[in-house]
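Novice: Chains F and E are the protein sequences, given in the same order. Letter by letter, the first sequence follows residues 1 to 248 of the working numbering. Letter by letter, the second sequence follows residues 1001 to 1248 of the working numbering. Cβ coordinates follow ideal geometry from the N, Cα and C atoms, glycine included. Note that the structure is predicted; figures quoted are calculated from it, not measured. Please find one structure pasted underneath; my questions will follow.
Number of protein chains: 2
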Amino acid sequence: MSREAEGSQTRKAELALRQAIVEGEFRAGERLSELTLTERFGVSRTPVRAALARAEAEGLIETLPSGGYVVRAFSEGDLTDAIDLRGLLEGFAARRAAERGPSRGELAEAKLLLAGIDKLLLKPEMSAEDFDTYVDLNARFHRALWDLAQSPTIFREVERVAALPFASPSGFVRLQAHLPEARAVVMLAQDHHLSVIEAIEAREGARAEALMREHARLARRNLQAALADRDRLDELPGGPLIRHAVNL
Amino acid sequence: MSREAEGSQTRKAELALRQAIVEGEFRAGERLSELTLTERFGVSRTPVRAALARAEAEGLIETLPSGGYVVRAFSEGDLTDAIDLRGLLEGFAARRAAERGPSRGELAEAKLLLAGIDKLLLKPEMSAEDFDTYVDLNARFHRALWDLAQSPTIFREVERVAALPFASPSGFVRLQAHLPEARAVVMLAQDHHLSVIEAIEAREGARAEALMREHARLARRNLQAALADRDRLDELPGGPLIRHAVNL
DNA sequence: TTACGTAATTCTGTATACAACAAACCGATC
DNA sequence: GATCGGTTTGTTGTATACAGAATTACGTAA
């Protein structure tokens, strides 16, 4: 089976498991029985095991000393650490990109995406679809940035860290959509985006690194706001996971 | 089965696969057939699959689009990136530790390990066993340092990055043992160790971070020396992997 | 009522059988 | 001699049977 094959049972189990965990259908600390998941996902134990192994590698679940898996509990500290880690790695990628000095062509994609965001921000009011577009452009910009370091190793690690739903660059953007200060945060973020590309072009590695670290702090700020307003957490990917963890 | 159980077939397969890859018994890019590994390791396909999935998560092998795994090829850039990444994460851990301000008791273990290294360095000549002791103390010191950040998330990631044989804190130390400048490098490394603990105690986060980044550069220096002297590479963990990759 | 020991049940670890798919090989035809 | 097609072989994906271990539940005794 190819891991990428759409019709693959393993793929099916992986997606279903990931979604179930992220949407909070299990409580933190709950044991995940292979047989139960087998019935739930409609596949046999083999693909379920593969999905569990992958989820463990991604850090969503952890092994029990006696065997088997439990849903991981995320403390508030775990969340801020994951976000900071993402900022650290993105900062590293940005610095490497600046030190390397990408060609104008390599920077084109990132700039195009930023122009798209700029266009959104010109509107006096942002609709829900506008926010969806922003989330998409933002995610693509971050990936383009990771790519600018031209290092498969760095790309791989930053991708892994950002795979945790709440550590992703767009993890808390949706929450902002409901808040009055949403527009201001997005504009701040966009200024970071523009500045880091400017820094990379000017080969200012230290500045690029510092900017991406600070950029991740926006996510931490949003996290604080989210924790103060628990009702909205459920709307977010990974939200229930967080609340359950905090309740522990 | 518990992943930690010593007698476990899965554990057996994981260790055997890892060793086989690291010692260069497969060529980079070579396809790893499950059935072949089954015969080789004396276990059934199920544990072999688990071992392959784990090796992929560790970054030693990668999946083929059509299914199956191949041994990953490591370019020289991959190696330096992995080492730098380790330095980045260790620097982050050190900074976090400094900002947090560990108690004297928490620092005790790290200091004890450093005292052990100091004692070794007092000797006029270091034997092979002395180097083994150094490698052990060094590895334990680094783990103790990771722990000082008091963040499971950070510990987890730095452990993962350091799992690649050539990115490990002690990856190239053994190579030094044969070189005349070995003692000088070890003394430099030990000075980094002592300084970073001093910085953490003084809550000098930026200094602690910079020191650990620079500390990792020692490994890069050793890598350069190793690449210039291919014959010695085979003695190292992961050495053959590198040579094969460089030969690509 | 609580604690302890035993039995039953559930779970994971492991091996293996079967099917679908891909690749390699061989032969035939142009 | 080269190319195309079919066959054969090997590989992975998937399901499942069986055994051992762990956890849970229950009953008994203090």
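Check the C-beta distance from residue 1087 of chain E over to residue 1213 of chain E and give it rounded, since I have them as a contact under 8 Å.
Specialist: 4 Å
Novice: I think residue 207 of chain F touches residue 151 of chain F, with their Cβ atoms under 8 Å apart; what is that distance to the nearest whole Å?
Specialist: About 20 Å separates the two Cβ atoms, so there is no contact after all.
Novice: Please list the residues of the region 1150 to 1163 of chain E that have a C-beta atom closer than 9 Å to any C-beta atom in chain F, keeping them in chain order.
Specialist: For the region 1150 to 1163 of chain E, the beta-carbon criterion of a distance under 9 Å to any beta-carbon of chain F is satisfied by 1150, 1151, 1152, 1153, 1154, 1156, 1157, 1160 and 1161.
Novice: List the whole-angstrom C-beta distance separating residue 154 of chain F from residue 1085 of chain E, where the pair is believed to meet the contact cut-off of C-beta under 8 Å.
Specialist: 7 Å
Novice: Let me see if you follow: with CB-CB separation under 8 Å, is residue 1050 of chain E close to chain F or not?
Specialist: yes
Novice: Using DSSP with H/G/I as helix, E/B as strand and the rest coil, what is residue 71 of chain F?
Specialist: strand
Novice: For a cutoff of 8 Å on Cβ pairs, would you count residue 206 of chain F as touching chain E?
Specialist: no
Novice: Could you say if the region 159 to 172 of chain F and the region 132 to 149 of chain F meet the contact criterion of at least three C-beta pairs nearer than 8 Å?
Specialist: With the cut-off at 8 Å, the region 159 to 172 of chain F and the region 132 to 149 of chain F touch.
Novice: Excluding sequence positions up to five away, which residues of its chain have a Cβ less than 6 Å from the Cβ of residue 192 of chain F?
Specialist: Only 211 and 215 meet the Cβ criterion.
Novice: Based on Cα-Cα distance, which residue from E:1055, E:1197, E:1183 and E:1027 lies nearest to residue 1128 of chain E?
Specialist: E:1183
Novice: Please list the residues of the region 1086 to 1114 of chain E that have a C-beta atom closer than 8 Å to any C-beta atom in chain F, keeping them in chain order.
Specialist: 1088, 1089 and 1092
Novice: Is the beta carbon of residue 34 of chain F less than 8 Å from the beta carbon of residue 45 of chain F?
Specialist: Against a cut-off of 8 Å, the Cβ pair of residue 45 of chain F and residue 34 of chain F comes out as a contact.
Novice: Going by alpha carbons, who is nearest to residue 197 of chain F out of F:145, F:189, F:217 and F:225?
Specialist: F:145
Novice: Looking at the structure shown, is residue 214 of chain F part of a helix, part of a strand, or coil, going by DSSP?
Specialist: When DSSP states are grouped into helix, strand and coil, residue 214 of chain F belongs to the helix group.
Novice: Name the residue from F:24, F:62 and F:149 whose alpha carbon lies nearest to the alpha carbon of residue 89 of chain F.
Specialist: F:149
Novice: To which residues does DSSP link residue 1061 of chain E through a beta bridge?
Specialist: E:1071
Novice: In chain order, what residues of the region 179 to 191 of chain F put their CB closer than 9 Å to some CB of chain E?
Specialist: Against chain E - using a Cβ distance shorter than 9 Å - the region 179 to 191 of chain F contributes no residues.
Novice: Suppose the cutoff is 6 Å on Cβ atoms and the five residues either side in sequence are ignored; what does the same chain contact list for residue 104 of chain F look like?
Specialist: Excluding five sequence positions before and after residue 104 of chain F, none of the CB atoms of its chain fall closer than 6 Å to its own CB.
Novice: Could you name the residues that DSSP lists as bridge partners for residue 1120 of chain E?
Specialist: Beta-bridge partners of residue 1120 of chain E (DSSP): none assigned.
Novice: Applying the 10 Å Cβ sphere with the 16-neighbour rule, what's the burial state of residue 1118 of chain E?
Specialist: exposed
Novice: What in chain E is Cβ-close to residue 78 of chain F, meaning under 9 Å?
Specialist: 1151, 1152 and 1153
Novice: Are residue 1048 of chain E and residue 1013 of chain E touching if we call contact CB-CB under 8 Å?
Specialist: Yes, they are a contact pair.
Novice: Which residues in chain E sit within 7 Å of residue 81 of chain F, going by Cβ to Cβ distance?
Specialist: Residues of chain E passing the Cβ test: 1151, 1153 and 1154.
Novice: Which runs of the beta strand (DSSP E) at least 3 residues long sit entirely within the region 20 to 66 of chain F? Give them in chain order.
Specialist: 61 to 63
Novice: Give every residue of the same chain whose Cβ lies closer than 8 Å to the Cβ of residue 21 of chain F, excluding the five residues on either side of it in the sequence, and list them in chain order.
Specialist: The answer, listed in chain order, is 55, 60, 61, 71 and 241.
Novice: Residue 1209 of chain E and residue 1094 of chain E look like a contact to me (Cβ under 8 Å); what is the Cβ gap, rounded to whole Å?
Specialist: 6 Å
Novice: Which residues mark the beginning and the end of the alpha helix (DSSP H) in which residue 1101 of chain E is found?
Specialist: In the DSSP assignment, residue 1101 of chain E falls outside any alpha helix (DSSP H) and carries neither an H nor an E.
Novice: So which of E:1113, E:1187 and E:1166 has the shortest CA-CA distance to residue 1126 of chain E?
Specialist: With distances taken between Cα atoms, residue 1126 of chain E lies closest to E:1187.
Novice: Closer than 8 Å, CB to CB, is residue 7 of chain F near chain E or not?
Specialist: no
Novice: Against residue 42 of chain F, what residues of chain E qualify as contacts under a CB-to-CB distance less than 8 Å, listed in chain order?
Specialist: Chain E residues near residue 42 of chain F: none, gap ~21 Å exceeds 8 Å.
Novice: Within 10 angstroms of its Cβ, does residue 1031 of chain E collect 16 or more other Cβ (buried), or is it exposed?
Specialist: exposed
Novice: So with Cβ pairs under 8 Å, would you call residue 57 of chain F a contact of chain E?
Specialist: yes
Novice: In terms of alpha-carbon separation, which member of E:1204, E:1195, E:1205 and E:1185 lies closest to residue 1222 of chain E?
Specialist: E:1185
Novice: Report the rounded CA-to-CA distance for residue 217 of chain F versus residue 158 of chain F, giving the unit in angstroms.
Specialist: Residue 217 of chain F and residue 158 of chain F: Cα-Cα distance of roughly 16 Å.
Novice: Rank F:29, F:10 and F:164 by C-alpha distance to the C-alpha of residue 68 of chain F and give the top, closest one.
Specialist: F:29
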